[in-house]
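Under my numbering, the final residue of the sequence shown carries the number 1321; numbering is consecutive throughout. Reading through the structure tokens given below for one structure.
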Amino acid sequence: MRIRQIVFATHDLAAGRAALAQLLDLPSPFRDPGVAEFGLDNAVFCFGDQFIEVVSPTQDGTACGRHLQRHGDSGYMLLLQTDDLGRDQARLASLGVRSIWQASHPDIIAMHLHPKDMGAAIVSLDQPKPPTAWRWGGPDWQVQPGDAGQQRVRGIGLQSAQPQALAERWAQVLGLAAPVAQGSGWRLALQGGWVDVQPSADGREGITAYALAVADVDAVLARARRAGLLGSDGQLRLMGTQLLIESLVAAG
């Protein structure tokens, strides 16, 4: 299991898209017409060989719209790349985990897991063919040259009133090793990344943070400061979500 795409939900797609592109100095995004099936519009940015998506509802009664009503602008979804979706589907069936959407194309197969069976987020399991492909990034995506092409999504932060139980559930559903205690929370290891689950201060579950390894930390923080995205506590927040920024050197 490897993080391949993270998703923000926002009320204002144009503003969210512009703020993200400016903060991370990203190339022009891909607009996926396929998300109209879910009553959404989107922007998908290439980040290394991973992707950062921003979605916003275009009609009433969508799952994204209900999420925004409950949480406001926030982290919304995680797409994990797997090397054997058939194996995963057998495990999910044995656990009674439901699917809310499935797709099958020559270059990718995918399924979205029911959030009530998973907890905290919508999770998609995707098997691209070949593994370096990624249909959801558009037909023309390519890794940026130089250090920008080495940037990556390192991890995702979740919160829950019962963090250990949520971490153990994610490990079970995703076929991962048991979570390890880390500080006040629990960490799950992914290929080249991680999922952290922390106690919730308000009792709600959801995505609280994305961790990014960037080519130039100082430049990102300078742009965040100019855009007013750095709080008095020093935290960088975008679309209701904390961004944990580290250098490529520190990430290893």
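Think of the CB as a built atom: it goes at the ideal place given N, C-alpha and C, for glycine as much as any other residue.
Specify the secondary structure class of residue i as computed by DSSP and reduced to three states.
| i | result |
| --- | --- |
| residue 1180 | strand |
| residue 1232 | helix |
| residue 1315 | strand |
| residue 1269 | coil |
| residue 1206 | helix |
| residue 1074 | strand |
| residue 1213 | coil |
| residue 1257 | strand |
Within 10 angstroms of the Cβ of residue i, are there 16 or more other Cβ atoms? Answer buried if so, exposed if not.
| i | result |
| --- | --- |
| residue 1160 | exposed |
| residue 1267 | buried |
| residue 1280 | buried |
| residue 1202 | exposed |
| residue 1100 | exposed |
| residue 1174 | exposed |
| residue 1260 | exposed |
Assuming residue i and residue j make a contact with CB atoms under 8 Å, what is their CB distance in whole Å?
| i | j | result |
| --- | --- | --- |
| residue 1177 | residue 1146 | About 16 Å; that fails the 8 Å criterion. |
| residue 1189 | residue 1276 | 7 Å |
| residue 1263 | residue 1224 | 4 Å |
| residue 1187 | residue 1242 | 6 Å |
| residue 1336 | residue 1166 | Within the shown structure, residues of the chain are numbered from 1070 to 1321, placing residue 1336 beyond reach of any answer. |
Exercise for the section: Please specify which runs of the alpha helix (DSSP H), each continuous and at least 4 residues long, are wholly inside the segment 1101–1140, giving them in chain order. Expected result: 1132–1140
Exercise for the section: Report yes or no: do three or more beta-carbon pairs, one from the segment 1209–1219 and one from the segment 1249–1256, lie closer than 8 Å? Expected result: no
Exercise for the section: Check whether the segment 1113–1124 touches the segment 1220–1228, taking contact to mean three or more Cβ pairs, one atom from each stretch, closer than 8 Å. Expected result: yes
Handout entry: At least 3 beta-carbon pairs within less than 8 Å: the segment 1093–1108 vs the segment 1230–1245
Key = no
Exercise for the section: Could you tell me whether the segment 1307–1319 touches the segment 1278–1292, using the rule of 3 or more Cβ pairs below 8 Å? Expected result: yes
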